[in-house]
Amino acid sequence: MEQQDLLIGIDLGTSRSAVVSNRGTRTVFESVVAYPKDLIGVRLLGATHVVGDEALQKPYLQLNYPLKDGVIQGRSEQERDAAQKLIEYAVSLAEPRDGDRVCAIIGVPANASKVNQDHVLEMALQVMDIAMVVSEPFMVAYGLDQLTDCLVIDIGAGTTDLCAMKGRLPQGDDQVSLIKAGNFIDDLLCSSITSRYPDIQMTTAIARRIKEEHAFVGEPKERVEVELREMGKPVTVDVTAEVRAACEAIVPEMVEQLEKLIRGFDPATQETAVSNIILGGGGSRIRGLGQMIADALSSYGDVKVSGVKDVIFTGAEGALKLANDLPPEYWDQIGNTELG
Ligand SMILES: Nc1ncnc2c1ncn2[C@@H]1O[C@H](COP(=O)(O)OP(=O)(O)OP(=O)(O)O)[C@@H](O)[C@H]1O
Ligand SMILES: [Mg+2]
1 MEQQDLLIGI
11 DLGTSRSAVV
21 SNRGTRTVFE
31 SVVAYPKDLI
41 GVRLLGATHV
51 VGDEALQKPY
61 LQLNYPLKDG
71 VIQGRSEQER
81 DAAQKLIEYA
91 VSLAEPRDGD
101 RVCAIIGVPA
111 NASKVNQDHV
121 LEMALQVMDI
131 AMVVSEPFMV
141 AYGLDQLTDC
151 LVIDIGAGTT
161 DLCAMKGRLP
171 QGDDQVSLIK
181 AGNFIDDLLC
191 SSITSRYPDI
201 QMTTAIARRI
211 KEEHAFVGEP
221 KERVEVELRE
231 MGKPVTVDVT
241 AEVRAACEAI
251 VPEMVEQLEK
261 LIRGFDPATQ
271 ETAVSNIILG
281 GGGSRIRGLG
291 QMIADALSSY
301 GDVKVSGVKD
311 VIFTGAEGAL
321 KLANDLPPEY
331 WDQIGNTELG
């Protein structure tokens, strides 16, 4: 039987991961691995672990998010194990068949350290034949065919990744990864609501829910009033100022780094680059954000910020496109070495 290539694009995200393949797989799952706490759990689960969305439906399991700050943690044995299982699971979703040559391109945050990229690569090679690790914003850019004179902003849960596309694989100076992203907003929102309303029961999960429904920056168009619990009883509170402040908190550093990246373009292409800023990732849904970034950069020219339509799959689709365009034999020559 002739060997077939199963090509997979994987966006390994802090909160959720997306997998697409050249055979039509297109799926997304929570980046979580759960283990039973004891023997009762093993019996209830009927397995030693479970990966993805199913994990969240079983309260008797202990959850492990192996990509906490956007990169594989790998500090403890269990973290390494969880990361390995996450990658295994992603590959299994693409349903490899006997005799396939399994080849995957995996996106990690821009500027993930060399050690971290090697970690991912090593784990990937346990469950596939050929692998390449590329930066997340580069994958987004590749997926959108924006390979030159543009800037990509990918606001995820763990990191905000910025990347200047200059018609080549991004080098160290072309990309930046900031830890002020979705999780940072959740933490800030949680603590600011708590400090204004000390009796309200808050968790970061509640903060995230409020954010996902109401996130905005700039002047509020309407009040954000949410129902929360005070000493167990439902109350309605106004959190407009808190939501605004928490969302705006990621902007200054992002703008500062964007300015650096703009200055890194050839002067002849700076004008085009600022008119071609692409905003992706779950955090790109914050209302008013594109406008705020454009206003902050207005002294650089005619700035245009456009949002990615499909925030879930654009990265993974970009990885698959690259996998289709570049014969797997060449991958390990360029993927891991040019980055970070
Ligand atoms: N409507 C929304 N408004 C604001 N933030 C949102 C919205 N929807 C989702 N998010 C946030 O987007 C983040 C998830 O985005 P995404 O799936 O791109 O991240 P990720 O790829 O898992 O993380 P990373 O890229 O950092 O590894 C979460 O913090 C989530 O709360
Ligand atoms: Mg992401």
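Just so we're aligned, residue 1 is where the sequence shown starts under this note's numbering, counting upward by one.
Every residue gets a Cβ at the ideal spot worked out from N, C-alpha and C, and that includes glycine.
For this session: Please look up how many angstroms separate the CB atoms of L6 and R26, rounded, as I've assumed it's under 8 Å.
Result: Contact flag wrong, Cβ pair sits at about 14 Å.
Exercise. Beta carbon of A110, beta carbon of S135: below 8 Å?
Worked result: yes
Problem set entry | Residues near A245 in its chain [Cβ-Cβ closer than 7 Å; skip 5 each side] | Hits under 7 Å: S192.
Exercise. Which same chain residues, not among the five before or five after R16, have their C-beta less than 7 Å away from its C-beta?
Worked result: V28, F29, E30 and S31
Exercise. From T337 to Q175, what distance separates their C-alpha atoms?
Worked result: The predicted model places T337 with a pLDDT of 40, which falls under 50 and marks its position as unreliable; any figure quoted below should be read in that light. Approximately 15 Å, taken between the alpha carbons.
For this session: Go ahead and label Y142 buried or exposed: buried means 16 or more other beta carbons lie within 10 angstroms of its beta carbon, across all protein chains shown.
Result: buried
For this session: Determine which residues share a DSSP beta bridge with S21 and list them.
Result: I8
Exercise. Bridge partners of V100, per DSSP?
Worked result: The question names Val, yet the displayed sequence has Asp at residue 100. Partner(s): Q4.
Exercise. Does the beta-carbon distance from V305 to T314 come in below 8 Å?
Worked result: no
Exercise. Is DSSP giving Q57 helix, strand or coil here?
Worked result: helix
For this session: Would you list the one or two residues that DSSP bridges to I105?
Result: G9 and M132
For this session: Leaving aside the five residues before and after R101 along the sequence, list all residues of the same chain whose C-beta is less than 8 Å from its C-beta, in chain order.
Result: Once the five neighbours on either side are set aside, the close Cβ partners of R101 are Q3, Q4, D5, L6, D129, I130 and P328.
Problem set entry | 7 Å Cβ shell around D187 - same chain, five flanking residues per side excluded | T204
For this session: Would you kindly report the start and end of the unbroken alpha helix (DSSP H) that includes M292?
Result: L289 to A296 is the extent of the alpha helix (DSSP H) around M292.
Exercise. Taking Cβ positions only, does L261 come closer than 8 Å to chain D?
Worked result: The question asks about chain D, but that chain is absent: this structure has only one protein chain.
Problem set entry | Any alpha helix (DSSP H) of 4 or more consecutive residues that is wholly inside the region 180–234 | 182–196 and 204–214
Exercise. Are the beta-carbon atoms of I216 and G288 separated by less than 8 Å?
Worked result: Strictly speaking, residue 216 in this sequence is Phe, with Ile absent from that position. Yes. Within cutoff.
Exercise. Going along the chain, which residues of its own chain have a beta-carbon closer than 7 Å to the beta-carbon of K321, five neighbours each way excluded?
Worked result: So the qualifying residues of the chain are Y142 and G143.
Exercise. Between the Cα of A323 and the Cα atoms of A249, Q62, G107 and V50, which residue gives the shortest distance?
Worked result: G107
Exercise. Which one of I312, V42 and Q201 has the shortest CA to CA distance from K233?
Worked result: Q201
Problem set entry | Residue of T14, A18 and S284 minimising C-alpha distance to E317 | A18
Exercise. Quick one: what does DSSP say S299 is sitting in, helix, strand or coil?
Worked result: helix
Exercise. What residues are listed by DSSP as bridge partners for L178?
Worked result: T160
Exercise. Taking three-plus beta-carbon pairs below 8 Å as touching, is the region 59–73 in contact with the region 90–99?
Worked result: no
For this session: Specify, as a first and last residue, the run of the alpha helix (DSSP H) that S92 falls within.
Result: E77 to L93 is the span of the alpha helix (DSSP H), which, as asked, contains S92.
For this session: Apply the 10 Å Cβ neighbour rule to T48 and answer buried if 16 or more other Cβ atoms are within range, or exposed otherwise.
Result: exposed
For this session: Can you give me the Cβ contacts of R210 inside the same chain, cut-off strictly under 7 Å, excluding the 5 residues immediately before and after it?
Result: Reading the sequence as shown, one finds Ile at residue 210 and not Arg. Counting only Cβ-Cβ distances below 7 Å, and skipping sequence neighbours, we find L189, V226, V239 and V243.
Exercise. So, helix, strand or coil for A35, using DSSP?
Worked result: For the record, residue 35 in the displayed sequence is Tyr; it is not Ala. Of the three classes helix, strand and coil, the one that applies to Y35 here is strand, per DSSP.
Problem set entry | Beta-carbon contacts of K58 that lie in its chain and below 8 Å, excluding the five residues immediately before and after | In chain order, A34, L44, L45 and V50 place their CB closer than 8 Å to the CB of K58, counting only its own chain and leaving out the 5 sequence neighbours on each side.
Exercise. Starting from D149 and walking both ways along the beta strand (DSSP E), at which residues does that stretch end?
Worked result: It spans T148 to I155 - the beta strand (DSSP E) in which D149 sits, taken as one unbroken run.
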